[in-house]
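Colleague:
Protein chains: 2
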Amino acid sequence: MATATQAPTSPAAASGRGSVLPLLRGRPSTRVRLAVGRRRQTALRAQPPGAAEVVEQSVNTIRFLAVDSVEKAKSGHPGLPMGCAPLGHVLFDEFLRFNPKNPYWFDRDRFILSAGHGCMLQYALLHLAGYDSVTMDDLKAFRQWGSRTPGHPENFETPGVEVTTGPLGQGFANAVGLALAEKHLAARFNKPDLKIVDHHTYVILGDGCQMEGVSNEASSLAGHWGLGKLIAFYDDNHISIDGSTGIAFTEDALARYEALGWHTIWVKNGNTGYDDIRAAIKEAKAVKDKPTLIKVTTTIGYGSPNKANTYSVHGSALGTKEVEATKNNLSWHHEPFHVPDEVKRHWSHHIDEGASLEAEWNKKIVEYEKKYRQEAAELKSIISGELPSGWDNSLPKYTPENPADATRNLSQQCLNALAKAIPGFLGGSADLATSNMTLLKMFGDFQKDTPEERNIRFGVREHAMGAISNGIALHSPGLIPYCATFFVFTDYMRAAIRLSALCGSRVIFVMTHDSIGLGEDGPTHQPVEQLFSLRAMPNILMLRPADGNETSGAYKIAVLNRQRPSVLALSRQKLQQLKGTSAEGVAKGGYIISDNSSGNKPDIILIGTGSELEIVEKAADELRKDGKTVRVVSLVCWELFEEQSEKYKESVFPSEVTSRISVEAGVTFGWEKYIGEKGKAIGVDRFGSSAPAGKIYKELGLTVENVIATAKSL
Amino acid sequence: MATATQAPTSPAAASGRGSVLPLLRGRPSTRVRLAVGRRRQTALRAQPPGAAEVVEQSVNTIRFLAVDSVEKAKSGHPGLPMGCAPLGHVLFDEFLRFNPKNPYWFDRDRFILSAGHGCMLQYALLHLAGYDSVTMDDLKAFRQWGSRTPGHPENFETPGVEVTTGPLGQGFANAVGLALAEKHLAARFNKPDLKIVDHHTYVILGDGCQMEGVSNEASSLAGHWGLGKLIAFYDDNHISIDGSTGIAFTEDALARYEALGWHTIWVKNGNTGYDDIRAAIKEAKAVKDKPTLIKVTTTIGYGSPNKANTYSVHGSALGTKEVEATKNNLSWHHEPFHVPDEVKRHWSHHIDEGASLEAEWNKKIVEYEKKYRQEAAELKSIISGELPSGWDNSLPKYTPENPADATRNLSQQCLNALAKAIPGFLGGSADLATSNMTLLKMFGDFQKDTPEERNIRFGVREHAMGAISNGIALHSPGLIPYCATFFVFTDYMRAAIRLSALCGSRVIFVMTHDSIGLGEDGPTHQPVEQLFSLRAMPNILMLRPADGNETSGAYKIAVLNRQRPSVLALSRQKLQQLKGTSAEGVAKGGYIISDNSSGNKPDIILIGTGSELEIVEKAADELRKDGKTVRVVSLVCWELFEEQSEKYKESVFPSEVTSRISVEAGVTFGWEKYIGEKGKAIGVDRFGSSAPAGKIYKELGLTVENVIATAKSL
């Protein structure tokens, strides 16, 4: 049986792929490969007496907390925690700055486990570090109903977990957003005498994260922005679910990162090369102008004599027999869930240290407040999330006399108003700023050398844009990121939008060109099903404002909903300012904008959203001329409407009025909910077409005439 | 005013970024930079007399057909066609092998314009090359209702267009799929004496495509697979919609591609360096073991004195004044839409040549049929799309006595049966083959050196997987690709799925772990809204089979629907084989699986899909014991059910039976359509949770008991 230090190493280390190069430290653009091998003993001599043993004990504690929890749950992923335990120990114990008794301390280092399936690594570390959120009971309840230790890290369940990960690549892109937020706030608020924002973002990603396109998008941006305080560890274990990564992933990842403008380091022995890990992190911290990728070659399931370095240890419990074999192999003669006293003692210093770190910072902020009153007020608003009083007064109001305008233009007025009123308001577009109308006119571009600015240029990278925005939102309660593209391209970023919703991160998704109304670009660019696909998603607001007042109302809602994201679908084409629309109406999700009936019993109810509300209103006018009583309802946000009282809903849609027509330039699927069995839905139950917008509307029957004819047919 | 050769060059060429290196041809892994500059005259001396002038005329014809079409439509993207006209001319006129009178000739080279907004380049080239699909009238109807020249290339509108592009990065990933198909078929069918499959795939991508994550995913795979006959042109024009690419895209793209295992070449003068373009393509064709990226530095809007090299020429008409200035600048003294006679004459040879190419190939295939009967039959089935007779007999059938099993396992039986019966059936998973149960047992892995095999290993790259599958499906009517991941990760590949639907490409999306029933992995992995988000999409079948017979039925439907993709949602957990389910039922989308009523008037209708159908059936049994008449309906595919006659629909859901309950482990949104105003929907209107599956089902009320209680409440 292999001993611990003889445990299988990964194929790469074994094959000698990437031979050892001379050390070239201090030359950030050169790839550095740290020497491999049995340097452990030498390395640890530099530590206090007994330290090496404690480290070893601590690392094995982490490994077996993971093994035992997975074993108890009969479900989970022991492989990564067993392989990354050395890295985890060194990073958390020796580098990470945090206060376990206040997981939300503003200036903490951020740690993200992008390879979220390895969450037992994070839970074990949080437990050892003294976080109250992960007690021994929590570890024993791993993956059980109601526990704080779910199958992937969830920020809304477990204080100390910064973001929700699991879907691969997302956590990494979140980390780019967290690092962006730090760089931005540091540039805005630090003073030569007071560095009030100063922390690092660390992230562990696996082979799976590397393969996902979103991580390349985010990496390209991180390199472009020169996010020097972002340090990523690539757990290079050569195993993914289907076996060796050699079957699908043979690129030279480090060379790719260099091409993307990163500093790269390779720790060839991540299993026992503690000093190499330490040296790599130190080197990475010294590189200020570039993010660093540290490739740490590890053995998945390290220590397991029969399963290490195989896919079988990736996502299943080891099984009683192999647990025993592994414990013997690593000389771990303890009951399940055992934490040796010396390990407890060793980690206990973090409680005092963490308290001191925060206390020091608190002193600094007091001094900062005295010296820099204005900046301190802004920063505190960002830290606390408290909105400046009267912030919403800045949102524009309209009357029907105001000129018709595209809601994307009206949106830009809101964005600029909010950025002026709210210190933490920032964002940008995926290379469509001039189409989405998202530029903040009073600010420049957030760039490598101008990080204090607030216009973020994401390039054509919708997916990373969404995930980076999640990271920004989760950095501080008062940071409110918006991000923009064409509505149809929510499809590119849907995985990130879903995590916004799940995480409860307040991102504002500014989605213009929201229907066939965009015209000539044709069906590839015309959303028809996106409204419903997002209405189907839990914990997100899908808003489709019809004019200026509704656009202002939609932004107000988006800002006020601190625990959920909002998607705003906005028109490319000009829309009239309607009588009867209001921000107050938007807050209810659905409301009556006009009605010539009495006694809550109109002949017919016409329902519209967004650009079609004006069609509906015109049709209503015509029908009224014919003597009908017609109610027009704007159903701008279904989710908000559903949250209203039954009484209110009945006041808008009285049960006895069954003549109802919905008009929306999208699929009619789902409208049954409001039009009922006898109603009719006018919409677009097909892909769109390339032609001038007016022509498409006419051909597809989204016209006043068709609404009138349909009404008469009821 | 600048003359043509003095027209602005791109910033990169001007700044000397990437200086000229010695030519290192024949060393594929080394980046080669072709010499820049005024080599045009020397180069063209090698051509027949007068050829240089015709090329120049042809290139300007392409430019102005684009300019004039956009001008007439008052909408479109002239910049790319003006910049890429030299590349387009050289590629189509001198390299591409095609038969304009049969755009579907099997062994044609494939050309994809991934930067689809520049479609006027492709339309102009198809027109000059003699395709009947793009007449002068079509060019004049650019971007108009009903025309064959829509705002982005659409394969379903315009013969000669291979795939639908526009959403950036997709076309590039499609090209990887097309090249994969060629490599696979060549390996399977070519013989030492008869090369029956032998064509290249060419693709033009822009900065936007480069930035999209999907292109990096696809590039990594193309490099891994060694797709030597894939040649990609990167139109490096340094301008995207928001201005200089320098604001968001400063990576070293060529170095990235080298890291991904590509051969790379840089043509520094794509504006007038015809010979450099020719040399690059020749070199690329000579590299057999790697795909090649040719970076072609061009000037967007080349020739426009005031707009070239600015974002204003990217996506808007030049305007009358600038059109005139451009015509003067390029000495183009013609009416709009003019094609000089010598240009027509020059291009006319493609009609005969194309016919000859196809005739030669036809001769070869006749010989092939004689010599290799079995292979010829398979290949012809792939080329024609005709399914072998009795193919569907291979699909397994079940009785209630067969053991309970997960539909993902039952799916694997279908996949293996179909791969045996259908020569063009192939596919794989995004690193979840052993979870999705998608391995074809009789085949090995499609890899660089074993391209004849049919198990494709996509790695953790869902988005590229979808787009590559689209390319495979569109390569030949008889290629039927399937691709697999967890159902929730359809979110990662939604943009590709949408294009499957729009293109009408028959991809089978095998999506397992289709609900909270996957258990412990928790809400990040548990789809709840995905069923509806896909039901909302036009032209796609969303199937959720409940057991073995329905799984077989779902596959039959998926194969039979040649013009639309299918998504199969499959369970992780075991499900009973139900009495009453059938493949014939699946074909109708919704059908009665049990009923103890008579006269089409049950007391209640219980509706289920997939894993919940067994819950519904059990509840029905209990209710029947209480003396109720209960109908159970499996609504396995809403789209198919909607296509049935009104009479059939009424026979399943009689209007007068308003007591209806739906049970589905997903959001209830949308079920109003079938349960009506008085019905109840049991489902999951929230994100899931990390716990054992049975526990989650119980906590969320997806139980027999709850169905019974709900039924009694109605």
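Going down the list, the sequences are from chains U and C. Counting from 1, position 622 in the first sequence corresponds to residue 622 in full-length UniProt numbering; the numbering is continuous, with no gaps. Counting from 1, position 455 in the second sequence corresponds to residue 455 in full-length UniProt numbering; the numbering is continuous, with no gaps. Where is the CB? At the ideal position from N, CA and C, for every residue including glycine.
Going along chain U, which residues have a C-beta under 8 Å from C/Y482?
Modeller: Within chain U, no residue comes near C/Y482; the closest Cβ sits about 16 Å away, beyond 8 Å.
Colleague: Considering just the uninterrupted stretch of the alpha helix (DSSP H) at C/V707, what are its terminal residues?
Modeller: 704-713
Colleague: What does a CB cutoff of less than 7 Å around U/S689 pick up in its chain, not counting 5 residues either side in sequence?
Modeller: G522, P523, I696
Colleague: Quick one: using the 10 Å Cβ neighbour count with 16 as the cut-off for buried, is U/Y311 buried or exposed?
Modeller: buried
Colleague: Using only CA atoms, which one of U/F64, U/E656, U/D626 lies nearest to U/E324?
Modeller: U/F64
Colleague: Tell me whether the beta-carbon of U/I593 lies closer than 8 Å to the beta-carbon of U/S634.
Modeller: Cβ atoms of U/I593 and U/S634: closer than 8 Å.
Colleague: I'd like to check one pair, U/S147 with U/I204: are the Cβ atoms closer than 8 Å?
Modeller: no
Colleague: Under a CB-based cut-off of 8 Å, is U/I468 close to chain C?
Modeller: no
Colleague: Residues in the same chain with beta-carbon distance under 8 Å from residue 716 of chain U, minus the five sequence neighbours each way, listed in chain order, please.
Modeller: Residue 716 of chain U lies beyond the stretch modelled for chain U, which goes from 1 to 714, so this question has no answer here.
Colleague: Count the C-beta pairs between the segment 405-412 of chain U and the segment 569-582 of chain U that are closer than 8 Å, then say yes if the count reaches three, no if not.
Modeller: yes
Colleague: Taking DSSP as the reference, what is the three-state secondary structure of C/V214?
Modeller: helix
Colleague: Please state if the CB of C/E71 and the CB of C/A308 are separated by a distance shorter than 8 Å.
Modeller: Cβ distance not < 8 Å, so C/A308 and C/E71 don't count as in contact.
Colleague: Are the CB atoms of U/T165 and U/I231 within a distance shorter than 8 Å?
Modeller: no
Colleague: Under the three-state reduction of DSSP, which class applies to U/V528: helix, strand or coil?
Modeller: coil
Colleague: Along the segment 683-698 of chain U, what residues have a CB closer than 8 Å to any CB found in chain C?
Modeller: D685, R686, F687, S689, S690, A691, P692, K695, I696
Colleague: Measuring only the C-alpha atoms, how far is C/L80 from C/I62?
Modeller: 11 Å
Colleague: Answer yes or no: does any C-beta atom of chain C fall closer than 8 Å to that of U/K601?
Modeller: no
Colleague: Which runs of the alpha helix (DSSP H) at least 4 residues long sit entirely within the segment 452-526 of chain C? Give them in chain order.
Modeller: 462-475, 494-503
Colleague: Compare the C-beta of U/I277 against all C-beta atoms of chain C and say whether one is closer than 8 Å.
Modeller: no
Colleague: Check whether the Cβ atoms of U/V507 and U/S500 lie closer than 8 Å to each other.
Modeller: Contact flag set, yes.
Colleague: Given this structure, state the Cα-to-Cα distance separating U/P291 from U/L168, to the nearest angstrom.
Modeller: 20 Å
Colleague: Does DSSP put C/K698 in a helix, a strand or coil?
Modeller: Three-state result, C/K698: helix.
Colleague: Could you tell me the distance, in whole angstroms, from the CA atom of U/S597 to the CA atom of U/K678?
Modeller: For U/S597 and U/K678, the distance between alpha carbons rounds to 20 Å.
Colleague: Helix, strand or coil: how does DSSP classify C/V123 here?
Modeller: Before going further, note that residue 123 of chain C is Tyr rather than Val in the sequence given. It is helical.
Colleague: What residues in the segment 254-267 of chain U bring their beta carbon closer than 9 Å to a beta carbon of chain C?
Modeller: L254, A255, R256, Y257, E258, A259, L260, G261
Colleague: Would you kindly check if the distance between the Cβ of U/T326 and the Cβ of U/G303 is under 8 Å?
Modeller: yes
Colleague: Does any CB atom of chain U fall closer than 8 Å to the CB of C/G166?
Modeller: yes
Colleague: For C/L21, count the other beta carbons within 10 Å of its own beta carbon; 16 or more makes it buried, fewer makes it exposed. Which is it?
Modeller: For C/L21, the predicted model reports a pLDDT of 26, less than 50, meaning its position is unreliable and no value from the coordinates is stated.
Colleague: Going along the chain, which residues of its own chain have a beta-carbon closer than 7 Å to the beta-carbon of C/S713, five neighbours each way excluded?
Modeller: none
Colleague: Using the three-state DSSP reduction, which class does U/L387 fall into: helix, strand or coil?
Modeller: coil
Colleague: For the alpha helix (DSSP H) that U/S435 lies in, which residues bound it at each end?
Modeller: 433-436
Colleague: Using 7 Å as the cut-off, classify the Cβ of U/N271 as near or not near the heavy atoms of the ligand NAP, replying yes or no.
Modeller: Because no ligand of any kind appears in the structure shown, any question about the ligand NAP cannot be addressed here.
Colleague: What residues from chain U crowd round C/Q144, counting only those whose CB sits closer than 9 Å?
Modeller: E520, S690, A691, P692, K695
Colleague: Determine the extent of the beta strand (DSSP E) in which U/A583 is found, giving its start and end residues.
Modeller: Counting along the chain, U/A583 falls outside any beta strand (DSSP E), though it belongs to the alpha helix (DSSP H) covering 583-588.
Colleague: Would U/S411 pass as an interface residue toward chain C - the criterion being a Cβ-Cβ separation below 8 Å?
Modeller: At a cut-off of 8 Å between beta-carbon atoms, U/S411 makes no contact with chain C.
Colleague: So if I threshold CB-CB distances at 8 Å, which residues from the segment 414-439 of chain C count as touching chain U?
Modeller: S429, D431, L432, A433, T434, S435
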